[in-house]
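Colleague:
Residue numbers (this note's numbering): 31 to 196.
1. Comparing C-alpha positions only, which one of 104, 132 and 116 sits nearest to residue 147?
2. So, is residue 21 buried or exposed, given that buried needs 16 or more other C-beta atoms within 10 angstroms?
3. In terms of residues, what are the limits of the alpha helix (DSSP H) holding residue 194?
4. I need the straight-line Cα distance from residue 37 to residue 122, nearest angstrom please.
5. Just grab the DSSP bridge partners of residue 166 for me.
6. Out of 194, 110 and 81, which has the shortest C-alpha to C-alpha gap to residue 163?
7. Give the DSSP-derived three-state secondary structure of residue 77 in the structure shown.
8. Per the DSSP calculation, residue 84 is bridged to which residue(s)?
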């Protein structure tokens, strides 16, 4: 099982779609060897060094948190059903309402598409808020997401970093 790394009034809560099997088994966010999250976060400026998954809770020291849209672990996010997203929505809304982040960054479009009911989404800042948080959609850093190079990911995440600094 994967436990949220979360606190009130964070700058950003990064929201993965759901835990991968390795992360859930380890109890560590983004612990799969091919996952690029921690590397991208550092290279985009969010952290002064690359955090190791075992030290993931230190992300709170920088004003960021981690959660997932759906709790069930799978080997691939596309194994989740629409019903699983629907069943997760109210719990997710309550979490965001309680913790009041400035931004919620969805990692990939799938969760926000399911939660918002929108079919077409653009990368980056969204025009509407979600439970009081500004919404940003970033490419998923999973090693299975071959549509984005490391440089593409860093560039996208850097845009969010610049936005929260202004």
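From the three backbone atoms N, C-alpha and C, an ideal C-beta is built for every residue, glycine too.
Modeller: If we stick to the structure as given:
1. Comparing Cα-Cα distances from residue 147 to each of 104, 132 and 116, the minimum goes to 116.
2. Any property of residue 21 remains undetermined from this structure, which presents the chain solely from 31 to 196.
3. It spans 180 to 195 - the alpha helix (DSSP H) in which residue 194 sits, taken as one unbroken run.
4. Rounded to whole angstroms, residue 37 to residue 122 spans 14 Å at the Cα level.
5. Here residue 166 is bridged, per DSSP, to 135 and 155.
6. For the options 194, 110 and 81, the alpha carbon positioned closest to that of residue 163 is the one of 194.
7. Here residue 77 sits in coil by DSSP.
8. DSSP output for residue 84 lists no bridge partner at all.
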